[in-house]
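In the order they appear, the protein sequences are chains A and B.
If you read the first sequence in numbering that gives the first Met the number 0, its first letter stands for residue 0, the second for the next number, and so on.
If you read the second sequence in numbering that gives the first Met the number 0, its first letter stands for residue 0, the second for the next number, and so on.
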Amino acid sequence: MTDRKQDEMTELKKGNKIPTVKMREQDPDERGRNFNEVPLGYTPEQAQLEASRCLQCKKPKCVEGCPVEVQIPEFIALIRDGDFDEAARKIKETNTLPAVCGRVCPQEDQCEIKCILGVKSDPVNIGALERFAADWERERGTIKIPEPPPKKGKKVAIVGSGPGGLTCAGDLIKIGYDVTLFEALHKTGGVLVYGIPEFRLPKAIVQSEVDYLGKLGVDVRPNVIIGRTVTIDELFEQGYGAVYIGTGAGLPLFMHIPGENLNGVLSANEYLTRTNLMKAYKFPESDTPIFVGRKTVVLGGGNVAMDSARCALRLGSEEVRILYRRSRKEMPAREDEIHHAEQEGIIMDFLVSPVKILGNDEGWVNGVECIRFELGEPDASGRRRPMPIEGSEFRMECDCVIVAIGNGPNPLVQQTTPGLETNKWGLIVADEETGKTSKKGVFAGGDIVTGAATVILAMGAGRKAATAIDQYLSSDGEW
Amino acid sequence: MNEIVKREALSKDVFRMEVETPLIARKRKAGQFVILRVGEEGERFPLTIADANAEGGTITLIFQAVGKSTWALSRLKEGDEIHDLVGPLGMPTHVERFGTVVCIGGGIGVAPLHPIVKAMKEGGNRVISIIGSRTKDLLILEEEIRGLSDELLVSTDDGTYGFHGFVTQVLEQVIERGEKIALVVAIGPVPMMRAVCKVTKQHDLPTTVSLNPIMVDGTGMCGGCRVTVGGETRFTCVDGPEFDGHRVDFEELTKRLSVYKKQEAKAMEKYEHECALGDKMK
Ligand SMILES: Cc1cc2nc3c(=O)[nH]c(=O)nc-3n(C[C@H](O)[C@H](O)[C@H](O)COP(=O)(O)OP(=O)(O)OC[C@H]3O[C@@H](n4cnc5c(N)ncnc54)[C@H](O)[C@@H]3O)c2cc1C
Ligand SMILES: Cc1cc2nc3c(=O)[nH]c(=O)nc-3n(C[C@H](O)[C@H](O)[C@H](O)COP(=O)(O)OP(=O)(O)OC[C@H]3O[C@@H](n4cnc5c(N)ncnc54)[C@H](O)[C@@H]3O)c2cc1C
Ligand code: SF4
Ligand code: SF4
Ligand code: FES
Chain A
0 MTDRKQDEMT ELKKGNKIPT VKMREQDPDE RGRNFNEVPL GYTPEQAQLE
50 ASRCLQCKKP KCVEGCPVEV QIPEFIALIR DGDFDEAARK IKETNTLPAV
100 CGRVCPQEDQ CEIKCILGVK SDPVNIGALE RFAADWERER GTIKIPEPPP
150 KKGKKVAIVG SGPGGLTCAG DLIKIGYDVT LFEALHKTGG VLVYGIPEFR
200 LPKAIVQSEV DYLGKLGVDV RPNVIIGRTV TIDELFEQGY GAVYIGTGAG
250 LPLFMHIPGE NLNGVLSANE YLTRTNLMKA YKFPESDTPI FVGRKTVVLG
300 GGNVAMDSAR CALRLGSEEV RILYRRSRKE MPAREDEIHH AEQEGIIMDF
350 LVSPVKILGN DEGWVNGVEC IRFELGEPDA SGRRRPMPIE GSEFRMECDC
400 VIVAIGNGPN PLVQQTTPGL ETNKWGLIVA DEETGKTSKK GVFAGGDIVT
450 GAATVILAMG AGRKAATAID QYLSSDGEW
Chain B
0 MNEIVKREAL SKDVFRMEVE TPLIARKRKA GQFVILRVGE EGERFPLTIA
50 DANAEGGTIT LIFQAVGKST WALSRLKEGD EIHDLVGPLG MPTHVERFGT
100 VVCIGGGIGV APLHPIVKAM KEGGNRVISI IGSRTKDLLI LEEEIRGLSD
150 ELLVSTDDGT YGFHGFVTQV LEQVIERGEK IALVVAIGPV PMMRAVCKVT
200 KQHDLPTTVS LNPIMVDGTG MCGGCRVTVG GETRFTCVDG PEFDGHRVDF
250 EELTKRLSVY KKQEAKAMEK YEHECALGDK MK
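This is the structure we're talking about:
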């Protein structure tokens, strides 16, 4: 009998008997008015119960689904046996930010989709278990600072403190490099702090990860814009042996339809930055204001759109609608977020797209003109192409529009770094396995190379680049 | 870091500060700005680098206290540190040997004009500067600009000093006396820049303006600073702040500057209340 068959048999016998343990959550009515985290996590008993559902497969499919190959059955067994600290350490062998990934990974497309239990019933809640172990370790202060390794006497600069930059910095400091982490904003964490809201990823968690890097000896320098304050070439002149660029996809795209510059029309980046990074939800206790519409319309269907809509609701908008060009099935957002948004009362209009944003004489938005779509033949991405239905135009009233249709690469570093090759979308060209770019000593990874993707992929890229940087700096400068 | 090494009041609500920030001082060019935050919960707001001392590692900021953030900054003393300071941001002023350049500054706009006058002069141009304010007491940097310019003309709206009237009227006089003007640079309140552009358009004089929309990050990440120039959307913090004045949609800019009026008033009210409480405690 094959392993798989055997697993399925065992599953029938045992796995299905225990229903999946759901994480406790804040009540939808309650949470729509606060920025506290929505899922409340497992209790130790719940975690152990969920962990006992895992079949401990010999050839675990789940691991194949994880971009950084977290040793899933191993860490789950440790949770099952009550050794939570060891479980956290096991995960951290391959994933430096488990408290983050447990919360924001699209598990339904990665590890959990491959879980064998999913064939007949619900897969193991791998993300929730990962989160549990990491939270346990952090909250009890059992995180150990490893002995500092012997110094290599070589300096590496990391540009951008998103998940990719943080991972690369962590890996390099642990093997003895002097690492400086440059961040343009006043706070480190990239999208984890300015984009993803508090109710999905508490900022204290990101901060504790950055603090940990600080304790390991990483020199963290916020308020430095590479390309403006210092250029990449100047970093080499200052004695850095290698540079990792992890500047992300931070440039907000607009639809280029009439009315986009009306007052009350904001990019999702602006809306989320004001809300999360600048804490506008505490205004006037914090200084940064935000405009809250009575009726808010969000354009887009990804995580960015969900986050914007759910922030709008929490800021006090009476009605929040998401307009998406395709159908629910094609929505790229995490399943959990779509589900949570629906629960909270956010209205979703599918197969609809705006053609024009309407405004009053004072320059404030007062509506959107939309057109309906139907799904046609599948396009290059395999998703059915939305086709506009002629004559289906209609008007929707609103006083705030948030544009969440995607982000492109910020061109600053590319423009100020001669010899750094980019492609037609302005993304940096880098080798997938090593992160090597066209410029000697310069590595890149994450959203600035792939375009907007995921936290775990950016982390994977940071890790691969760290390995390649070590090899490069240990060789005699071969490229 | 970011220590205020010198602070002085230029008028009752205009302040000059020299701030220690060696990296920015060395790097910055005319026309660029910084973004700062005064406290842990502070707002990010932009100020032009009015001058810099590369050797001494300091930059000069000149600002008018108009709301909560700028008032909070004005209350810092010598020896205090500015919580966050990042830059230099924006594209530097394009400087070449144009010929005669007329530099016009209105109100607090004279501060951002200062480094441009300097750069234009150093770039080998003949510089005629026109600066103006509502009234004599509000006029700033007169001696500095005079020292850098080939000619300085001054106006006040109420006639308390210099020409009685607007900077645009002075500009018209300069045009009428037959100056061969290669470029006009105008910085000040939106209505002033708009008026200057109206005049220069009639005379076909290339005109650069420096725009001041509301900003958040200053790195091209939020799009809050977008303006329409020549029918296209541009981000002021990375594409500007200087643009061809004849192509700027000033009406849209004026409207966009008013987005947070209500909230700004609320923040100021709370701040004044807290300051009053603080003063009482002393
Ligand atoms: C609102 C939102 C929600 C998301 N939700 C999810 C989710 O649920 N799950 C998921 O897996 N992914 C999600 N993503 C995507 C994920 O956040 C990104 O793919 C990931 O953060 C990319 O990491 P990165 O390291 O490449 O860069 P980023 O996280 O983008 O960080 C880049 C950093 O570099 C800094 N920087 C830029 N230019 C410079 C410069 N010149 N000098 C110095 N610093 C610079 C930036 O300020 C930023 O801090 C979401 C994205 C957004 C915007
Ligand atoms: C690139 C750039 C360079 C600048 N350089 C200088 C400078 O060198 N010196 C200086 O004094 N100011 C400068 N400003 C304007 C300065 O940023 C604002 O005055 C400041 O943000 C106001 O913050 P506040 O909290 O004190 O006032 P707020 O409470 O935000 O506003 C108070 C009042 O000021 C108006 N206001 C707000 N923001 C702006 C703005 N960006 N431009 C004009 N009016 C505004 C409001 O409409 C309101 O009436 C610059 C702006 C930009 C974009
Ligand atoms: S890192 Fe993400 S994909 Fe990998 S096991 Fe954890 S939750 Fe799953
Ligand atoms: S999580 Fe699923 S696939 Fe992975 S080992 Fe457990 S039962 Fe098998
Ligand atoms: S200030 Fe955010 S893009 Fe310019």
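Glycine is no exception: its CB is placed at the ideal position from the N, C-alpha and C atoms.
Should residue i be listed as close to ligand 3, given that the test is whether its C-beta is under 7 angstroms from any heavy atom?
| i | result |
| --- | --- |
| Glu-81/A | Per the sequence shown, the amino acid found at residue 81/A is Gly instead of Glu. No, Cβ of Gly-81/A sits at least 7 angstroms from all heavy atoms of ligand 3. |
| Gln-106/A | yes |
Could you check whether the Cβ of residue i sits closer than 8 angstroms to any Cβ belonging to chain A?
| i | result |
| --- | --- |
| Lys-281/B | Residue placement at Lys-281/B is flagged as unreliable, the pLDDT there being 47, under the threshold of 50; the coordinate-derived value follows with that caveat. Chain A contact via Cβ: absent. |
| Ile-23/B | yes |
| Gln-262/B | yes |
| Ala-118/B | no |
| Thr-218/B | yes |
| Thr-227/B | yes |
| Gly-131/B | no |
| Gly-239/B | no |
| Ser-68/B | yes |
| Arg-36/B | yes |
| Arg-255/B | yes |
Spell out whether any CB of chain B is found under 8 angstroms from the CB atom of residue i.
| i | result |
| --- | --- |
| Leu-34/A | Per the sequence shown, the amino acid found at residue 34/A is Phe instead of Leu. By this cut-off, Phe-34/A is not an interface position. |
| Val-219/A | no |
| Ala-183/A | yes |
| Met-254/A | no |
| Met-277/A | yes |
| Phe-282/A | yes |
| Leu-191/A | no |
| Leu-11/A | Its pLDDT being 46, under 50, Leu-11/A is placed unreliably in this model, and the value from its coordinates should be taken loosely. Not closer than 8 angstroms to any Cβ of chain B, the Cβ of Leu-11/A fails to qualify, so no. |
| Leu-411/A | yes |
Starting from the C-beta of residue i, find all residues in its chain whose C-beta is less than 6 angstroms away, skip the five residues before and the five after it, and write them out in chain order.
| i | result |
| --- | --- |
| Val-242/A | Ala-156, Ile-231, Leu-234 and Val-441 |
| Lys-28/B | Pro-91 |
| Thr-59/B | Glu-17, Ala-49 and Asp-50 |
| Ser-266/A | Pro-251 and Val-402 |
| Glu-111/A | Pro-122 and Ile-125 |
| Val-101/B | Ile-127, Ile-180 and Val-183 |
| Lys-153/A | Tyr-176, Gly-240 and Leu-472 |
| Cys-114/A | Cys-61, Pro-122 and Val-123 |
| Glu-36/A | Phe-198 and Pro-201 |
| Gly-98/B | Ala-181 |
Taking the beta carbon of residue i as the centre, do at least 16 other beta carbons fall within 10 Å, making it buried, or is it exposed?
| i | result |
| --- | --- |
| Lys-278/A | buried |
| Val-428/A | exposed |
| Trp-135/A | buried |
| Gln-201/B | exposed |
| Met-458/A | buried |
| Ile-204/A | buried |
| Gln-63/B | buried |
| Phe-198/A | buried |
| Asp-28/A | exposed |
| Ser-132/B | buried |
| Val-103/B | In the sequence under discussion, the amino acid at residue 103/B is Ile, which differs from the Val named in the question. Under this definition Ile-103/B is a buried residue. |
Does ligand 2 have a heavy atom nearer than 7 angstroms to the CB of residue i?
| i | result |
| --- | --- |
| Lys-197/B | no |
| Met-214/B | yes |
Can you give me the Cβ contacts of residue i inside the same chain, cut-off strictly under 7 angstroms, excluding the 5 residues immediately before and after it?
| i | result |
| --- | --- |
| Ile-404/A | Leu-252, Met-254, Leu-298 and Gly-299 |
| Met-0/A | Note on Met-0/A: pLDDT 43, under 50, position unreliable in the model; no value is reported. |
| Gly-223/B | Ile-213, Met-214 and Val-215 |
| Thr-246/A | Val-158, Gly-159, Asn-409, Val-412 and Ile-447 |
| Lys-89/A | Gln-70, Glu-73, Phe-74 and Leu-77 |
Is residue i near ligand 7, in the sense that its beta carbon is under 7 angstroms from a heavy atom of that ligand?
| i | result |
| --- | --- |
| Val-247/B | Absence of ligand 7 is noted for the structure shown, with ligand 1, ligand 2, ligand 3, ligand 4 and ligand 5 being the only ligands found. |
Note down, in chain order, each residue of its chain lying with its Cβ closer than 8 angstroms to the Cβ of residue i, except the 5 sequence neighbours on either side.
| i | result |
| --- | --- |
| Lys-281/B | Because Lys-281/B sits at a pLDDT of 47, beneath the cut-off of 50, its placement in the model cannot be relied upon, and the point is left open. |
Would you check whether ligand 5 has a heavy atom nearer than 7 angstroms to the C-beta of residue i?
| i | result |
| --- | --- |
| Thr-47/B | no |
| Met-90/B | no |
| Thr-235/B | yes |
| Met-220/B | yes |
Indicate, with yes or no, if ligand 1 has a heavy atom lying under 7 angstroms from the CB of residue i.
| i | result |
| --- | --- |
| Leu-184/A | yes |
When you measure from the CB of residue i to every non-hydrogen atom of ligand 4, does any distance come out below 7 angstroms?
| i | result |
| --- | --- |
| Lys-60/A | yes |
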